[in-house]
Structures are given as structure tokens and as C-alpha cells.
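Residue 508 in our numbering sits at position 248 of the sequence shown; the count goes up by one each step and never skips. Glycine included, every Cβ here is placed at the ideal spot set by N, Cα and C. Single-structure report; data block below.
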Amino acid sequence: MARFLTSLLLGWLALLPPAAAGADGNRLVEARGQSYSASFTAPTADEPSTSVLIWDADLHMALENDAPVLTARFRYEMEDWRYLLPTFGPGDVQVWSPSGETGARLPEEAPRIRPSGIEMMFRFYAPAQNSYVGVSQRIATPGAPGEWVESPPSRPGWDRTFIWLSGINKDAWLSPETARSVWQGELRPEGVEIVQAAWSADELTAFLAENNMRNRAVAAAEAVNRLLDGVARSFGYEVAAMREDPQRYLEPAFRRGVPIALLRKLERLQNLPNGLKQGDAAAYEQARREAGAIMAAMERATDAGERRSAEPGGNGQSAGEGVDE
């Protein structure tokens with residue numbers, strides 16, 4: 261599965277400083293309204309896709325048998341996004357955006373590119389040590405937008421509870437003795453950030469490969485023109501008025517079906533009755549093979565998009581569902 265690491269991280273949020281840990285050693289840290297901007301580049305795209313999240317997070321710090329237990333919660337909403345994804349068959353890269361102003365609009369049912377493998381760092385100031393320390397937490401699979409997801413409780417041990425975020429030992433783990441002292445003393449929340457997240461376009465790419473008939477329509481138009489060339493060379497018919505302009509099928513960017521009239525024209529040209537085949541049919545038969553190859557290449561590209569496999573497969577020649585226009 262292709263995965264893309266974020267390249268732009270935004271946003272610290274000041275938190276209300278709590279008192280020292282309660283008698284039971286428990287703390288709850290809450291962060292709300294964080295902003296996070298991510299940039300990730302899909303294969304074959306020259307420009308990065310972007311996504312902006314507004315997210316919330318909680319950290320519950322508890323003691324069990326005098327040992328730390330950490331649990332995190334996370335939820336997000338997609339504030340904005342702009343995807344640059346490869347098309348299948350004819351075409352290069354398609355830009356998609358929520359409003360359609362800077363790119364084409366996706367259909368409502370199309371999946372969005374969601375984050376996964378969220379790694380967060382909760383930042384604290386420990387006055388007794390005059391240092392900043394952090395607690396690292398991971399949400400492997402965030403839910404749908406607006407849905408809280410809680411990590412399984414982790415029991416890291418005192419030697420893997422806090423990380424130095426300042427001083428000469430920055431990025432090292434606090435010793436068990438120091439970590440215990442930090443936990444028992446005053447600990448002021450200073451913020452939380454998403455350190456890293458992964459992004460996969462596989463689900464959306466597979467949806468577009470299966471449901472977007474735009475490039476199938478373009479391929480069908482090219483196949484029609486190839487067949488018309490063969491008809492003209494073999495049988496001497498004037499075909500200029502019957503030719504298709506493949507460019508006219510590039511819009512809309514998401515097409516739910518191939519026009520029925522185009523499919524019927526393709527089928528008729530692929531199966532000319534014998535009464536119309538007066539002459540040397542060699543050029544026409546060659547054109548039939550080439551038209552079939554165009555449609556087969558389209559289906560192979562679609563199959564590869566659905567499977568996200570390195571090796572394309574399938575040799576179907578269907579142009580997809582037909583729709584009236």
C-alpha cells in the first residue's frame with residue numbers, strides 16, 4: 261500500500277495548567293481546536309496534495325500498581341483539501357477540491373484521503389526540573405471525521421514514560437527515578453502536536469478507477485476514430501462527419517457513465533455487416549484490433565488502479581456503463 265508522510269506540521273495549542281497530580285496520581289489533559297496541515301505526493305504526480313485538519317486530543321495519565329498507564333483519544337474534521345491524483349488511461353493528473361474552484365469536485369459518496377498512524381507529542385513543563393518533557397502517543401487508525409478513537413492503554417514503564425524536550429538530554433528518555441519525580445510533582449501542559457501521520461490515496465484511487473467513466477469515454481472516442489480510419493481505408497467511405505473529438509469527453513472530470521450513443525457507435529463499427537464491407541478488409545481488421553487494444557489498455561489501467569498492484573492485469577474490452585447525454 262502506498263503511504264505518504266506529512267511534510268508540513270502546524271499548530272501548538274496552549275492548555276490550561278492543571279494542579280499537581282491528584283492523590284491517585286491521575287491526570288487528564290485536553291486539547292481542542294488544533295490545526296494541522298499536511299502535504300503528500302501521490303505516485304506520478306508532480307505537485308503535492310494537501311489536507312487541513314481541525315483536531316482534538318485527550319491524554320489520560322493514570323497509575324496502576326505504582327506504574328504509569330497512558331491512554332489517548334483523537335478526533336478530527338477535514339477543513340480543506342486539494343488532491344492531485346493520476347487518471348487512468350488517457351490524461352495525466354486530475355486536481356480535485358471540495359468547492360470545485362481550484363479543481364474538479366468529487367461525488368459525495370467518494371471516500372476522502374484520511375490520515376493514519378497519527379503520532380502525537382504532549383508537551384509539559386516540569387518546574388522542579390526547569391525543563392520541558394513530552395509524552396508520545398499513537399493513534400494507529402483514526403475513525404471517520406468527527407469520531408473519537410481511543411488508543412489501547414499503554415504501560416510503558418517509568419523508563420519509557422517521558423522524553424526530554426529541552427536541555428542537554430533532549431530526545432532521550434527520562435530515567436525511572438526522574439520520571440517518577442516529574443509525575444508526582446507539578447506538571448504544566450504546554451501543548452500538543454501531531455509529529456507524524458501517514459496518508460494513503462488507495463481507497464479513493466480504487467473508487468475513481470471503478471466508478472469514474474471519464475477516461476473510458478475518452479478511450480471509446482479514440483477507438484471509434486481508429487475504426488473509422490480503417491473503414492475509410494478499406495471500403496472508401498467518407499467518415500469525416502462521424503469522427504469523435506476525444507477532448508469533449510474530458511469534462512466533467514467525474515463521469516458516471518459512457519454516453520450510450522458513443523457505445524452504440526463503437527459497437528456498430530466493431531461489427532460492420534458484410535453488406536457494408538465491399539473491398540479489401542485488411543485495414544479495417546487491423547483497425548478493429550487496434551481499437552480493441554485501446555479499450556483493453558483502458559481496462560488494464562483501471563484494474564491496476566483498483567488493485568494498486570505493480571503488475572497490471574485483465575484484458576477486458578468493455579467501455580463501461582452507458583448513460584444518455
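TODO: Taking 8 Å as the cut-off, decide whether the C-beta atoms of residue 290 and residue 383 are in contact.
DONE: no
Task: Residue range of the alpha helix (DSSP H) that includes residue 499 - done: Careful: residue 499 lies outside any alpha helix (DSSP H) and carries neither H nor E.
- [ ] Please name the residue, chosen from 323, 548, 539, that lies closest to residue 413 on a Cα-to-Cα basis.
- [x] 323
Task: Cβ-Cβ distance between residue 312 and residue 379 below 8 Å - done: no
TODO: State buried or exposed for residue 431, treating a residue as buried only when at least 16 other CB atoms are found within 10 Å of its CB.
DONE: exposed
TODO: Please name the residue or residues paired with residue 317 in a DSSP beta bridge.
DONE: 291, 334
Open item on the list: Suppose you measure from the CA of residue 556 to the CA of residue 460; what does that come to, to the nearest Å?
Closed with: 27 Å
- [ ] Return the residue from the list 353, 391, 440 that minimises the CA-CA distance to residue 429.
- [x] 391
Open item on the list: Can you check which of these residues, 359, 505, 462, is closest to residue 562 by C-alpha distance?
Closed with: 462
TODO: Give the C-beta separation of residue 355 and residue 362 to the nearest angstrom, bearing in mind that I take them to be a contact with Cβ-Cβ under 8 Å.
DONE: 7 Å
Open item on the list: When you compare the CB positions of residue 523 and residue 503, do they come within less than 8 Å of one another, or not?
Closed with: no
TODO: Starting from residue 382, follow its DSSP beta bridges and name the residues at the other end.
DONE: 395, 452
Task: Neighbourhood of residue 539 by C-beta distance below 7 Å, restricted to the same chain and skipping five residues each side - done: 494, 495, 496
TODO: With DSSP collapsed to three states, give me the class of residue 441.
DONE: helix
TODO: Please go through the stretch 486-558 and give each complete beta strand (DSSP E) segment of 3 or more residues, from N-terminal end onward.
DONE: none
Task: Three-way DSSP call (helix, strand, coil) for residue 404 in this model - done: coil
Task: Whole-angstrom distance between residue 352 and residue 597, CA atom to CA atom - done: Residue 597 cannot be examined here, being either before or after the span of the chain that is shown, 261 to 585.
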